[in-house]
Amino acid sequence: MTQLLWLLLPVAALSGWLAARARYRRPHAREARDAASPFLSSRYIRGLNYLLNEQQDKAIEVFVEMVEVDSETVETHIVLGNLFRRRGEVDRAIRIHQNLIARPNLSLVQRQQALLELGKDYMKAGLLDRAESVFNELIKDGARLAEPYRLLREIYEQEKEWQRAIEVSQQQQKASGEDLSSLMAHYHCELGESDLEQGALGAAMEHARAARGLQPASVRGLLLLAEVLRARGDARKAMKLLRAAPEQHPDMVPLLLPVIIEGFRRLGDGEELERWLLRLDERLAVPSVRLARIDLMIEQGRRDEARGLIEESLSQGRYSPALMQRYATLMEHGDAEVPQEFRALVDALARLEEQMPAVRCHQCGFEATQPSWQCPGCHGWDTLKPLDEWQTHPESRRA
Ligand SMILES: [Zn+2]
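Shown next as C-alpha cells:
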C-alpha cells in the first residue's frame with residue numbers, strides 16, 4: 014500500500030465523486046456507520062483539506078490510512094481507483110473497481126458508482142467496447158445519472174457512430190427531459206454529409222431536413238441542404254437559401270462567404286455577386302466582406318479601385334493583416350524597382366495572415382486557423398466562432 018503515497022491526488026476526482034455521493038446518498042447501514050464514526054469523518058475532512066490546499070502527498074497518506082484501517086470502505090476505494098486512473102495507471106484502477114463490483118454487499122448506488130468509474134477506466138484504457146457495455150448496463154439498470162449517456166455519446170462521437178449517438182441522445186432526452194436537439198442536428202449533418210459524399214442524395218436530403226427540423230437556426234443544416242439541392246440540380250434554389258444566410262447569422266459570415274461566392278460563380282453571376290457583396294458590406298462592415306470585395310477587384314484587374322477601397326478602410330481606422338497584405342501586394346505590383354526589404358515585408362504579411370487564428374472557442378478559448386463544428390479542445394459543438402473584427406486604432410475605439 015505504500016506505493017499509494019506516490020500518487021498525485023487531483024481535486025477534481027474527489028470533488029466530483031463527493032458531489033455524486035451527496036446527490037445519490039441514501040440511508041444505508043455502512044454509510045450510517047461511517048457517518049457515526051468521528052474517527053473516519055475527521056480523517057476524511059483532513060484528507061479533503063489537504064486536497065484543497067494541493068498538498069497531494071499528505072492527502073494520499075490520509076486516504077491510504079483509511080483503507081488500511083477499514084478495508085471495507087467502498088467510497089475510499091472508489092477514490093483511490095480514480096486516482097490511479099488520473100495518474101495513467103489504468104490497470105490498477107480497473108482492478109480496484111472490478112474488485113468492488115464483485116462484492117456481494119454493495120448498495121445499488123455504490124454499485125452504480127463503481128460501475129461508472131470502471132467504465133471510465135475502460136475508456137481511458139481505450140477499451141471502448143467494454144466501456145460501452147458498462148454504460149449501457151447502467152442505463153438499462155435505470156441509473157439516474159447523466160454521465161453514462163454523456164460518456165456513451167463521447168464514445169460514439171469518437172467512433173463516428175452517429176446513428177447510435179442520435180439514439181443515446183433520444184434516450185437521455187426521454188429520461189432527463191434535457192433538450193439535446195442541437196447536438197442531434199449535428200449528428201444528422203454528419204450522416205448527411207457522408208451520404209452526400211457517396212452520392213446518396215435522397216438520404217442526405219432526409220438528414221438535412223431532420224437537422225433543420227431539430228434546429229431551424231442550424232447553419233450547418235442550411236449548408237448541407239444547399240449542397241444537396243445543388244447536387245440535385247437545384248442550384249438557384251440553393252443560392253436563394255444561401256444569400257439570405259449572412260444577415261440571419263452575421264457571426265458566421267466568414268464561413269458562409271466562400272460557399273456563396275462559389276455559388277455565384279457557378280451560376281456565372283459575377284455582376285450580381287459584386288452588387289450583393291456591396292450591399293452586405295454596407296450593412297455589416299466586417300473584414301471578411303470588405304476583403305471579398307477587394308479580392309474580386311484585384312481578380313478583375315481593377316487595382317486602383319482595390320487600392321482606393323483599402324485606403325478608405327485604413328482612413329476609417331480599420332486594419333487587418335489580410336488587408337495590409339493586399340495593400341503591400343498592390344504597391345509591389347508592376348514596380349520593377351521594389352527593394353528586397355519590401356518583398357520581405359509582403360511575404361511576412363502573407364505568413365501573418367496564414368497564421369492568424371480564424372476561429373476561437375467561446376467555451377475553452379481554443380484557437381484554430383481552420384473552422385470546424387466541434388472544438389478539438391473541449392469537444393463542444395458550435396462553440397468555435399469565426400474571428401471577424403477589425404484591428405482598430407485605440408483612438409477610433411474610443412470614438
Ligand atoms: Zn473548446
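Here the working numbering = 1-based position in the sequence shown + 13.
We put the beta carbon where it would ideally sit given N, CA and C, even for glycine.
No experiment lies behind these values; they were computed from the predicted model shown.
Where the alpha helix (DSSP H) containing residue i begins and where it ends
i: Val-372; result: It is not in any alpha helix (DSSP H) - Val-372 instead sits in the beta strand (DSSP E) that spans 372 to 374.
i: Pro-271; result: 266 to 279
i: Pro-300; result: 300 to 312
i: Pro-384; result: Premise fails: Pro-384 is in no alpha helix (DSSP H) and is neither H nor E.
i: Pro-334; result: 334 to 345
i: Trp-289; result: 283 to 297
i: Thr-89; result: 87 to 99
i: Ser-231; result: Note, Ser-231: premise wrong, no alpha helix (DSSP H); not H, not E.
i: Asn-112; result: 103 to 115
i: Phe-433; result: Residue coverage of the chain in this structure runs from 14 to 412, which leaves residue 433 outside it and unanswerable.
i: Asp-247; result: It is not in any alpha helix (DSSP H) - Asp-247 carries neither H nor E in the DSSP assignment.
i: Ala-198; result: 194 to 210
i: Glu-219; result: 214 to 227
i: Arg-316; result: 316 to 328
Proximity test, residue i beta-carbon vs ligand 1 heavy atom, cut-off 7 Å
i: Gln-383; result: no
i: Gln-368; result: no
i: Cys-202; result: no
i: Thr-396; result: yes
i: Phe-379; result: yes
i: Gln-12; result: As shown, the chain starts at 14 and ends at 412. That puts residue 12 outside it, with no answer to give.
i: Gly-212; result: no
i: Gly-314; result: no
i: Gln-183; result: no
i: Gly-393; result: yes
i: Gln-376; result: yes
i: Gly-448; result: Only positions 14 to 412 of the chain appear in the structure, and residue 448 is not among them; the question remains open.
Assigned exposure category for residue i - 16 Cβ within 10 Å defines buried
i: Ser-375; result: One detail in the question is off: residue 375 reads as His in this sequence, not Ser. Its Cβ having fewer than 16 others within 10 Å, His-375 is exposed.
i: Pro-300; result: buried
i: Lys-133; result: buried
i: Arg-225; result: buried
i: Ala-361; result: exposed
i: His-346; result: exposed
i: Ser-231; result: buried
i: Ala-298; result: exposed
i: Arg-38; result: Residue confidence is low: Arg-38 scores 38 on pLDDT, short of 50, so the model does not pin down where it sits. No coordinate-derived value is stated.
i: Ala-49; result: Any answer about Ala-49 is weak, because its pLDDT of 43 lies below 50 and its placement is not dependable; what the coordinates show is given next. Per the 10 Å Cβ criterion, exposed.
i: Asn-112; result: exposed
i: Cys-391; result: exposed
i: Arg-331; result: buried
i: Gly-276; result: buried
i: Ser-385; result: exposed
i: Glu-402; result: exposed
i: Thr-89; result: buried
i: Gly-215; result: exposed
i: Arg-233; result: buried
i: Glu-354; result: exposed
i: Val-235; result: First, the amino acid is wrong: residue 235 is Leu here, not Val. So Leu-235 counts as buried.
i: Lys-173; result: exposed
Among the options, nearest to residue i - alpha-carbon criterion
i: Gln-9; options: Gln-329, Ile-311, Arg-315; result: No answer is possible for residue 9: it lies beyond the span of the chain, which begins at 14 and ends at 412.
i: Gln-404; options: Val-241, Leu-128, Ala-335, Ser-207; result: Ala-335
i: Gln-171; options: Ala-156, Lys-137, Ser-194; result: Lys-137
i: Leu-164; options: Glu-145, Lys-173, Trp-175; result: Glu-145
i: Leu-400; options: Arg-177, Asp-264, Ile-307, Cys-377; result: Asp-264
i: Leu-204; options: Ala-223, Gly-190, Ser-189, Arg-116; result: Ala-223
i: Asp-154; options: Arg-177, Glu-275, Leu-129; result: Leu-129
i: Leu-293; options: Glu-260, Leu-358, Ala-341; result: Glu-260
i: Thr-396; options: Ala-381, Thr-382, Arg-373, Gln-383; result: Arg-373
i: Val-359; options: Thr-342, Glu-366, Val-351; result: Thr-342
i: Tyr-7; options: Ala-213, Gln-211, Glu-219; result: For the chain, the structure presents residues 14 to 412; residue 7 sits outside this window and is missing.
i: Ala-363; options: Gln-383, Gln-228, Ile-274, Tyr-340; result: Tyr-340
i: Arg-105; options: Arg-116, Ile-91, Pro-117; result: Ile-91
i: Leu-242; options: Gly-101, Ala-251, Gln-211; result: Ala-251
i: Gln-185; options: Gly-212, Glu-210, Asp-208, Ala-156; result: Ala-156
i: Gln-176; options: Glu-191, Asp-208, Ser-189; result: Asp-208
i: Leu-141; options: Tyr-162, Pro-117, Tyr-169; result: Tyr-169
i: Pro-117; options: Gly-139, Val-87, Cys-388, Gln-368; result: Val-87
Whole-number beta carbon distance between residue j and residue i, since they are thought to touch under 8 Å
i: Leu-290; j: Val-302; result: 6 Å
i: Ile-307; j: Leu-286; result: In fact, because the Cβ distance is near 14 Å, the residues do not count as touching under 8 Å.
i: Arg-56; j: Val-75; result: 6 Å
i: His-110; j: Leu-131; result: 4 Å
i: Leu-254; j: His-262; result: In fact, because the Cβ distance is near 12 Å, the residues do not count as touching under 8 Å.
i: Arg-143; j: Tyr-135; result: 4 Å
Residue i: first and last residue of the uninterrupted beta strand (DSSP E) it sits in
i: Lys-7; result: The structure shown does not extend to residue 7, since the chain is modelled only from 14 through 412, so no value can be given for it.
i: Lys-173; result: Element bounds for Lys-173: n/a, residue is neither H nor E.
i: Leu-140; result: No beta strand (DSSP E) contains Leu-140, which DSSP labels as neither H nor E.
i: Pro-399; result: 397 to 399
Interface flag, residue i vs chain D, CB-CB below 8 Å
i: Arg-56; result: No chain D appears in this structure, which consists of one protein chain only.
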